[in-house]
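>
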Amino acid sequence: MKRRTLLKSVTGAAAVLAVPSLARAAEPLKELRLDYAYYSPTSLVLKRFGWLEEAFRPAGTDIKWVLSAGSNRALEYLNGNSIDIGSSAGLAALLARANGNPIRTPYIYSRPEWTALVVRKDSPIRSVADLKGKKVAATKGTDPYLFLLRSLKQAGLKRGDIEHVALQHADGRTALEQGRVDAWAGLDPHMAASELEGGARLIYRNVAFNTYGFLNVREQFLAQRPEEVTRVLAAYERARKWIVAHPSEAARILAEEAKVSLPVALLQVKLRTDFSQPQPGGEHVAALRQAAPILRQEALVKPGVDLERTIAELVDTRFARALTGKA
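When the letters of the sequence shown are read in order and numbered with mature numbering (1 follows the signal peptide of the UniProt record, and there is no 0), they come out as residues -25 to -1, 1 to 302.
1) Distance check for A91 and I178, CA to CA, integer angstroms please.
2) Taking DSSP as the reference, what is the three-state secondary structure of D59?
3) Helix, strand or coil: how does DSSP classify E2 here?
4) DSSP three-state call for T205: helix, strand or coil?
5) Does the distance from the C-beta atom of I58 to that of L106 stay below 7 Å?
6) Indicate the three-state DSSP secondary structure (helix, strand or coil) for N76 in the structure shown.
7) Quick check on the DSSP output: the alpha helix (DSSP H) that includes V239 runs from which residue to which?
8) Work out the CA separation of P16 and Q129 for me, nearest whole Å.
9) Name the two residues that bound the continuous beta strand (DSSP E) containing G188.
10) Who are T248's beta bridge partners in DSSP?
11) Report the three-state DSSP secondary structure of V276 (helix, strand or coil).
12) Near A295, which residues of its chain fall below 7 Å by C-beta distance, leaving aside the five closest residues on each side in sequence?
13) Specify, as a first and last residue, the run of the beta strand (DSSP E) that residue 306 falls within.
14) In chain order, what residues of the same chain lie with their CB nearer than 7 Å to the CB of L237, ignoring the 5 residues before and after it?
15) Give the DSSP bridge partners of L9, in chain order.
16) Where does N56 land, buried or exposed, given buried means 16+ other C-beta within 10 angstroms?
17) Hey, A262 and Y187 are a contact pair by Cβ (cut 8 Å); roughly how many whole angstroms apart?
18) In chain order, which continuous runs of the beta strand (DSSP E) of length 3 or greater are located wholly inside the stretch 147 to 171?
19) Apart from the five residues just before and just after A49, which ones in its own chain have a Cβ nearer than 6 Å to its Cβ?
20) Taking the alpha carbon of G161 as the reference point, which residue from A183, A34, F122 has its own alpha carbon closest?
21) What is the DSSP secondary structure of S15, reduced to helix, strand or coil?
22) Would you mind giving the Cβ-Cβ distance between R206 and F24, rounded to the nearest angstrom? I have them listed as a contact below 8 Å.
23) Grouping DSSP H, G and I as helix and E and B as strand, with all else coil, what is H221?
24) Buried or exposed, going by whether 16 or more other CB atoms sit within 10 Å of the CB of V272?
25) Alpha carbon to alpha carbon, how far is N191 from A168?
26) Using CA atoms only, rank isn't needed, just tell me which of V235, E194, F184 is closest to P268.
27) Leaving aside the five residues before and after W26 along the sequence, list all residues of the same chain whose C-beta is less than 8 Å from its C-beta, in chain order.
28) When you compare each of L298, V290, A297 to R79 by their alpha carbons, which one comes out closest?
29) What first and last residue would you give for the alpha helix (DSSP H) that runs through K133?
30) So, are the CB atoms of V93 and A175 less than 7 Å apart?
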């Protein structure tokens, strides 16, 4: 089966049937390694309730959880074979795949508005155009960084028009609040905490520039362990449906895990995150196609990389369809 055909709904039934035909593992899986992240409440719920441990106990598989502080970390862990399954933003996953990280995305864990451009409450900065010549913190290789680049371009600015300060998300918040940078491309829950507790202002929001939450799997693991991947996605589906039914309780778990206040967690879970569409498909491909040019314009991928082909190779529609029943 050609990878491109996997994106066509007319081959949906055949794609599902193709999953068992993938190469099977010769022996039971001893350890499954995956990440959890504060930007992925679904992973926190799954970890809290032990549903993966429950699903894999009959096979004798141990579950190893690794904290990802950002998409860049999750993708580094995947590329270094430190984890098998990791969560990132969609555009960050595309950037990684385009630069040789062998991952595929069989599941969408959320559609969040998790990033915006943030300034202190007393800042004179009012718009993206005002960032010219300013220090702006952002974590390279993540949605906030790519959001910053797209926002600058839309405002008629280039990356060179600002002084980019490379900091991990939590450190970006601290730098902003301490006055060491003028602005920050934030990420929830840190952004929501700065907004509610520190009075920070969001000077630019654009939900269309926030790419989806992609659950990525190492390509080799996906090919060799299709049954295990399906079991993981079934557990993710259980957690997603639980969040939809219990958003306040999910926010409480986020608050406890991320050590933020309940109002901060509620803002992230109830107002800024959509958990309704776990099936990778056309809308996710379209979002990546719309965002992809910034990767080439900013020389973030090697010349000659076929981004259209990379998107088709990244988005894998087979596994989740069998669980969600959605085409």
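Every residue, glycine too, gets a C-beta built ideally from N, C-alpha and C.
Let's see:
1) Approximately 8 Å between the Cα atoms of the pair.
2) In the structure shown, D59 falls within a coil segment according to DSSP collapsed to helix, strand and coil.
3) Note: E2 maps to coil in three-state DSSP.
4) Here T205 sits in helix by DSSP.
5) No, Cβ-Cβ distance for I58 and L106 is not below 7 Å.
6) N76 falls in the coil class under three-state DSSP.
7) Segment 237 to 241, the alpha helix (DSSP H) holding V239.
8) Taken atom to atom, the span from the alpha-carbon of Q129 to that of P16 is near 30 Å.
9) Element bounds for G188: 188 to 193.
10) Note: T248 sits in a beta bridge opposite P87.
11) Taken through DSSP and simplified to helix, strand or coil, V276 comes out as coil.
12) Here the set comprises P81, Y82, L208, P253, Q254, P255.
13) Examination of residue 306 is not possible in this model, given that the chain is present from -25 through 302 alone.
14) For L237, where only same-chain residues beyond five positions count, the Cβ hits under 7 Å are A226, R227, A230.
15) DSSP output for L9 lists W40, I60 as bridge partner(s).
16) Taking a 10 Å sphere around the C-beta of N56, we find fewer than 16 other C-beta atoms and assign the residue as exposed.
17) Cβ-Cβ separation between A262 and Y187: approximately 7 Å, consistent with a contact (criterion under 8 Å).
18) Correct list: 158 to 160.
19) The answer, listed in chain order, is D10, S43, G61, S62, S63.
20) The shortest Cα separation from G161 among A183, A34, F122 belongs to F122.
21) Three-state DSSP puts S15 in a strand.
22) A Cβ-Cβ distance of about 15 Å is found for the pair R206 and F24, leaving them out of contact under the 8 Å criterion.
23) Under the three-state reduction of DSSP, H221 is assigned to coil, being neither helix nor strand.
24) Looking at the sequence itself, residue 272 is Gln, so the reference to Val does not match. Of the residues assessed, Q272 falls on the exposed side of the cut-off, its CB having fewer than 16 other CB atoms within 10 angstroms.
25) If you take the alpha carbons of N191 and A168, they lie about 27 Å apart.
26) The candidate whose alpha carbon is nearest that of P268 is F184.
27) So the qualifying residues of the chain are A210, R213, A214.
28) Looking at the Cα atoms, V290 is the closest of the given residues.
29) Per DSSP, K133 lies in no alpha helix (DSSP H) segment and is marked neither H nor E.
30) Yes, the pair counts as a contact, with Cβ atoms nearer than the cut-off.
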